[in-house]
Amino acid sequence: MRIDLPVLTERFGANRFYQVQKIYELDGGIEQDDEFSNPFHVIRQIPYERLYEIEKNMAVIIPVKNERLRLLEGVLSGIPHACLPIIISNSQQTPIDRYRMEREMVDSFCRYAKKKYVIAHQRSPRTAALFKAGGYTALLDEEGFLRNGKAEGMLAGMALARILGKRYVGFIDADNYFPGSVLEYVRIFSAGLSQSNSPFSMARVQWHSKPKIVEEGLYFAKWGRVSRITNEYLNRLLGYYTGFETEALRTGNAGEHALTMELALMLDYSAGFSIETHHFVSLLEKFGGILPNPDTESMKAGVDIFQIQSRNPHFHAADKGDEHLGDMIGGSLSVLFHSPVCPDALKKEILGELRKRHIVGKNELPSQPHRYPPLAGMDFEAAAKVYDWTRQSNFIHT
Ligand code: GDP
Ligand code: CO
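Taken in order, the sequence shown gives residues 457 to 854; the numbers are from the working numbering.
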């Protein structure tokens, strides 16, 4: 890949938030091109060799809930062969067993492609046993199963990736119509993470656009309605502390993102659809220098957060309605609202925004999404003993 250098960086404690990087070439060549050793170059070449080094150590987690099988199959076809897909499904099992259909499709697809994979149901006893044995009970409900929700599925995927010895985790939604964009997202993950010298880094995709049908033509909207609002408040929070207005943060709702395992284990997480915005909240709380963090290693190495703009438009399953939109805005803003690093003045503004949109009633406060502690507290050795996830080197499911 060839992408531009992120010249502007917002530093916030140990966090380095880089400006959005634009892609010049999706394929930047197989080896290092010597021309790029010139320090005056404004474009960075990341040769395929380097991307491959990362991709072969990466698990791509695909959360899925009742999506069309064809879409899921398309997503699988876009994932580079070197990566391990981990599918965490919360699809229905009665009256029609959609999970079984997914399993059969994934199994035969991966047999033909000779691709390794892992698939697990979020509500299966085996998935629950993993967390019970690992002592990470925050994810379990009263019945002892994993809680429902996308974030909860993502956490299960991360734990499995850790048990399987992966060093990086990336996330791709299952409802993507374009396999080519899936391939691009994974390349963005590996290109993003390859730029960091710290063990703690994250790469987030900024969608180029989301095509919509307006009257008779296609309209390529640049910002989703939710992202616009989330990013505005995230930037205000940053600006409040630095004293300078900023537009640096553009990926507050980036479902497509990747992290090093070190960082993935250290962050805490928020339930449901607020998980992506909460990444920033967790970064500011842990590495912002406002609240104490006893972990000297990460504070010294710093945390790199890259944002890269995709070339492909993002085209996913049809809009899931206004209620979903309200849920997403509500979730994203309430994690900001409830953070101890959110200043009172900003809390007031957030409250105003949520009330104006009738997401929160006149005399109500936003409810705080459930929070999950860092996965670092989980006993992975004990969890790994419950079931050998590598038992069948090729075809693993539960
Ligand atoms: P949007 O794209 O942000 O509007 O959200 P989607 O509804 O498309 O959800 C994003 C991804 O998460 C899709 O692949 C969904 O199938 C998946 N998903 C949604 N809810 C759950 C859940 O409870 N568990 C799991 N494992 N995946 C979910
Ligand atoms: Co979607």
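Positions of the beta carbon are idealized from the N, C-alpha and C atoms, including for glycine. Quick caveat, the model's predicted, so the values are computed rather than measured.
- With respect to Arg706, Asn687 sits close: the two C-beta atoms are nearer than 7 Å.
- Residue environment analysis places Ala801 among the exposed positions, since fewer than 16 neighbouring C-beta atoms fall within 10 angstroms of its C-beta.
- Between the alpha carbons of Lys512 and Gly485 lies a distance of about 18 Å.
- If you draw a 10 Å sphere on the C-beta of Tyr725, you find 16 or more other C-beta atoms in it, and that means buried.
- In this chain, the beta strand (DSSP E) harbouring His577 covers Tyr573 to His577.
- Going by beta carbons, Ser637 and Ile502 fall outside the 7 Å limit.
- Note on the region 534-562: there is no whole alpha helix (DSSP H) run with a minimum of 4 residues.
- When the five nearest sequence neighbours on each side are left out, the beta carbons in the same chain lying within less than 8 Å of the beta carbon of Phe492 are those of Ile499, Arg500 and Gln501, in order along the chain.
- Counting only runs that start and end inside the region 595-622, the alpha helix (DSSP H) elements of at least 4 residues fall at 606-619.
- In the DSSP annotation of this structure, the continuous segment of the alpha helix (DSSP H) that includes Glu805 starts and ends at Asp800 to Lys812.
- The DSSP assignment places complete alpha helix (DSSP H) segments of no fewer than 4 residues inside the region 692-746 at 717-722 and 731-743, in order along the chain.
- When secondary structure is reduced to three states using DSSP, Leu649 falls in the helix class.
- Between Ser547 and Lys521, the CB-CB gap stays under 7 Å.
- The alpha helix (DSSP H) runs lying completely inside the region 627-671 and spanning 4 residues or more are 635-650, given in chain order.
- Assigned with DSSP and collapsed to three states, Gly787 falls in helix.
- Burial state of Thr846 is exposed, judged by a 10 Å Cβ sphere holding fewer than 16 other Cβ atoms.
- Phe496 is positioned such that its CB atom lies no closer than 7 Å to that of Ala704.
- Listed by position along the chain, the residues with Cβ atoms less than 6 Å from a non-hydrogen atom of ligand 2 are Asp629, Asp631, His772 and Ala773.
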